[in-house]
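Visitor: The working numbering puts the first residue of the sequence shown at 507, with every later residue one more than the last. Quick one: the structure is below, and I'll ask about it shortly.
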Amino acid sequence: MANFAFGSKYFIFSKFSSIPKTSKIEQDRADLIKEFNDFNEFSDADELKAFNDLGKYLDSNEHKNLYNKIEKEKTAEEGKIKLFENQKKSKKFQSFFKFKASQKLADFTKISKSEDLESYEELKEIVNSANFANDKNKLTKEKTSIHNKEKQFEKLEKNKAVKKYLSAGENDKVEKTSEVVEFEKLTKEIESGQFKERKDFVNNKLAEIEKQEKEYKLLSKSKPIKFYFKFKDSTKYKDFVSFKNSKELADYIELEKYLASSEHKELLAGLSESEAAEKAKIKEHEDFKSSKKYKWYLELKDSSKFNSLKKWKVVFEDDFTGGKLDTDKWMTRYYWGDKLMNGAYALDQDKAFPTDGANIETQGTLKIMTKRESIEGKKWQLPFGFVPQKFDFTTGLVSTAKSYRLKYGKVEAKIKVNYAKPVNYNFWMASEKNLPHVDILKLDKKKTKINVGNVYGDISKKDSLEKKMAEFSGLDVSQDFFIYTLIWTKDKLIWKINEVVVNEQTHGIPHEEMYLVFSSSITGKTDGSGLPASMEIDWVRCYQEG
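Right under this line is the structure:
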């Protein structure tokens, strides 16, 4: 079992198994939330309301007076309802409507109407046509012919006989060689407007053909076009189209319209006066009353099982699944650096510069990477302020200072540390003036020693600063994700690791809004041999009572 000593503020986890596994906690939470949602859904469900109304009706004189009415028609209507409900719940129909509402089908439909697909189809027909290839071949040959004539013209210009002929005076008798004759012929042709016009036409037409080929190749390799044809040829899509056009689905839709129509409702209202209908209502009531779902509902109705979910309401969360950092929620620099100089900076004791987002990775989780690399940045040094400096290491941070702050409530995050000494890993909260400051996770000595606590007082008066810290050891937090929790009330701060209380404090309780920060840093000596290292956040949530 874990050993705790709140008085000395030092705790020892004697075994790794002394706290619940994160996976079990999350599964238990997910199961509880699902059951809670199911309970609320059932509490508001039409079937429960109908059951309660039916119970009242079955105790009434109206029910006794209408007990002997039309059983046969009611049975037929109930058969239609049962058929529809069975179809609706069947795997075939559920799969169809799930596929119909899928994002992939929506993407496919969107692409099918896109200009890119239209252009692709047009270009495909053009580029793959015999005329296109013939035109390109003819124009290429003609371009080569034009080029050869120009090249021959340039060669003849340099010919001795041609030069001699061109430089001779009117009275000089110079032999008109075959080269001169050929030169004069080429000169007349090349300098003609028809030659230049044809040359421009050939070049422009070939450029147009090459442009069409390039556009076609780019489109054919594009993800949307490739996805479109792959999806179109998929078995699932073909099955979807086949079922969409089937009589079975048409009958289902027609039945759905009928069951929602006034004709059906009016008929049921009339049949409700029948003896058979009344008997069916009695059975319906008894069946529902003895059903597992209703017994489950009664068992939970007045229980305290969901008290924790009712107590805490999520007011801020991020699970980092969007593929990139949500900059509406997170900033990637210290709050005061952003506020005073619109830039990132390092603290005086930092050996690693917190880059403005360059060391943040989001691929299903948020990773703050600490690396060995040279960089120039600014460091806060009293009394000088922000001073330029070279750093041998880089790291990162994310903060909600500009987007979200809370006052009292519960804060928790699921974190895993890829440990490397002497990197510090921190999950903390700060106020507008930095103090008060609460450490929810502070790992700076070794991977099995964690500090939590808070610092408070007037930051401008060193003598007024107070610190209440606690340390616990024996738990290697690099082996798995762990859930770190802070519960903050007006009178107390409670720290938990995987729902096990590791510290409680009643002194220096913050009473002002605070924001969240995840950060890594290097403050001790290091050669960087353990780098890169990372702090990985799977999710973070903030709750308030209500």
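Backbone N, C-alpha and C fix where the C-beta goes; we use that ideal spot for every residue, glycine too. Please read these numbers as outputs of a predicted model, since none were measured by experiment.
Applying the 10 Å Cβ sphere with the 16-neighbour rule, what's the burial state of Glu754?
Guide: Counting from 1 along the sequence shown, the entry for residue 754 is found at position 248. Result: exposed.
Visitor: Do Thr838 and Val904 count as a contact pair if the criterion is CB distance below 7 Å?
Guide: The residue labelled residue 904 in the question sits at position 398 within the sequence shown. The residue labelled residue 838 in the question sits at position 332 within the sequence shown. Yes, they are a contact pair.
Visitor: I'd like to know whether the C-beta atoms of Tyr803 and Phe548 end up nearer to each other than 7 Å.
Guide: Taking the sequence shown and counting its residues from 1, one reaches residue 803 at position 297. Taking the sequence shown and counting its residues from 1, one reaches residue 548 at position 42. A contact, by the Cβ cut-off of 7 Å.
Visitor: Between Leu629 and the rest of its own chain, which residues show a CB-CB distance below 8 Å, the 5 nearest in sequence each way excluded?
Guide: For the purposes of this step, residue 629 is taken as the residue at position 123 of the sequence shown. These residues qualify, in order along the chain: Gln718, Glu721, Tyr722, Leu725.
Visitor: Looking at the secondary structure, which residues open and close the beta strand (DSSP E) in which Gly959 lies?
Guide: Working through the sequence shown from its first residue, we reach residue 959 at position 453. 955 to 962 is the span of the beta strand (DSSP E), which, as asked, contains Gly959.
Visitor: Which of helix, strand or coil does DSSP assign to Lys925?
Guide: Counting from 1 along the sequence shown, the entry for residue 925 is found at position 419. For the sequence presented, residue 925 should be read as Tyr rather than Lys. Coil.
Visitor: So what's Lys920 in DSSP terms, helix, strand or just coil?
Guide: The residue you call residue 920 lines up with position 414 of the sequence shown. Three-state DSSP puts Lys920 in a strand.
Visitor: With the cut-off set at 7 Å, would you say Lys871 and Gly902 are in Cβ contact?
Guide: As a first step, residue 871 is located in the sequence shown; it is residue number 365 there, counting from the start. As a first step, residue 902 is located in the sequence shown; it is residue number 396 there, counting from the start. First, the amino acid is wrong: residue 871 is Thr here, not Lys. Result no, Cβ atoms of Thr871 and Gly902 do not sit closer than 7 Å.
Visitor: What separation, rounded to the nearest whole angstrom, lies between the Cα atoms of Glu695 and Leu672?
Guide: Your numbering for residue 695 matches position 189 in the sequence shown. Your numbering for residue 672 matches position 166 in the sequence shown. Straight-line Cα distance between these residues: approximately 18 Å.
Visitor: Where does Lys664 sit, in a helix, a strand or coil, going by DSSP?
Guide: Sequence index remark: in the sequence shown, residue 664 carries index 158 (1-based). It is coil, neither helix nor strand.
Visitor: Excluding sequence positions up to five away, which residues of its chain have a Cβ less than 6 Å from the Cβ of Asn932?
Guide: Taking the sequence shown and counting its residues from 1, one reaches residue 932 at position 426. These residues qualify, in order along the chain: Lys948, Ser1025.
Visitor: If Lys857 and Ile1015 are in contact, beta carbons under 8 Å, what's the gap, nearest whole angstrom?
Guide: Here residue 857 refers to the residue found at position 351 when the sequence shown is read from its first residue. Here residue 1015 refers to the residue found at position 509 when the sequence shown is read from its first residue. In fact, because the Cβ distance is near 33 Å, the residues do not count as touching under 8 Å.
Visitor: Which value, in whole angstroms, describes the spacing of the CA atoms of Lys705 and Asp678?
Guide: Stepping through the sequence shown from its first residue, residue 705 is reached at position 199. Stepping through the sequence shown from its first residue, residue 678 is reached at position 172. Lys705 and Asp678: Cα-Cα distance of roughly 37 Å.
Visitor: Runs of 3 residues minimum, wholly inside the stretch 835 to 882: which ones carry the beta strand (DSSP E) assignment?
Guide: Entirely contained in the stretch 835 to 882, the beta strand (DSSP E) runs reaching 3 residues are, in chain order, 858 to 860, 866 to 868.
Visitor: Distance, Cα to Cα, Glu762 vs Phe746?
Guide: Here residue 762 refers to the residue found at position 256 when the sequence shown is read from its first residue. Here residue 746 refers to the residue found at position 240 when the sequence shown is read from its first residue. So the two alpha carbons sit approximately 19 Å from each other.
Visitor: Roughly how many angstroms lie between the CA atoms of Tyr758 and Lys922, to the nearest whole one?
Guide: Taking the sequence shown and counting its residues from 1, one reaches residue 758 at position 252. Taking the sequence shown and counting its residues from 1, one reaches residue 922 at position 416. So the alpha carbons of these two residues sit roughly 50 Å apart.
Visitor: What is the DSSP secondary structure of Tyr1021, reduced to helix, strand or coil?
Guide: Taking the sequence shown and counting its residues from 1, the one referred to as residue 1021 is at position 515. Strand at Tyr1021.
Visitor: Return the first residue and the last residue of the beta strand (DSSP E) that Ser905 is part of.
Guide: Your numbering for residue 905 matches position 399 in the sequence shown. First-last of the beta strand (DSSP E) with Ser905: 903 to 905.
Visitor: Less than 8 Å between the CB atoms is what I'm expecting for Glu1042 and Lys873, so what's the real figure, rounded?
Guide: Working through the sequence shown from its first residue, we reach residue 1042 at position 536. Working through the sequence shown from its first residue, we reach residue 873 at position 367. That pair is a contact at about 5 Å.
Visitor: Measure the Cβ-Cβ separation of Met1062 and Met935 and say whether it is below 7 Å.
Guide: The question about residue 1062 has no answer, for the chain in this structure spans 507 to 1052.
Visitor: Does any C-beta atom of chain C lie closer than 7 Å to the C-beta of Thr871?
Guide: Any reference to chain C falls outside this structure, which holds one protein chain only.
Visitor: Go through the stretch 782 to 807 residue by residue and report every complete run of the alpha helix (DSSP H) that reaches 4 residues or more, in order.
Guide: Correct list: 798 to 807.
Visitor: Going by alpha carbons, who is nearest to Leu1037 out of Pro928, Ser810, Phe794, Trp1001?
Guide: The residue given as residue 1037 occupies position 531 in the sequence shown. Residue Pro928 is the option with its Cα nearest to Leu1037.
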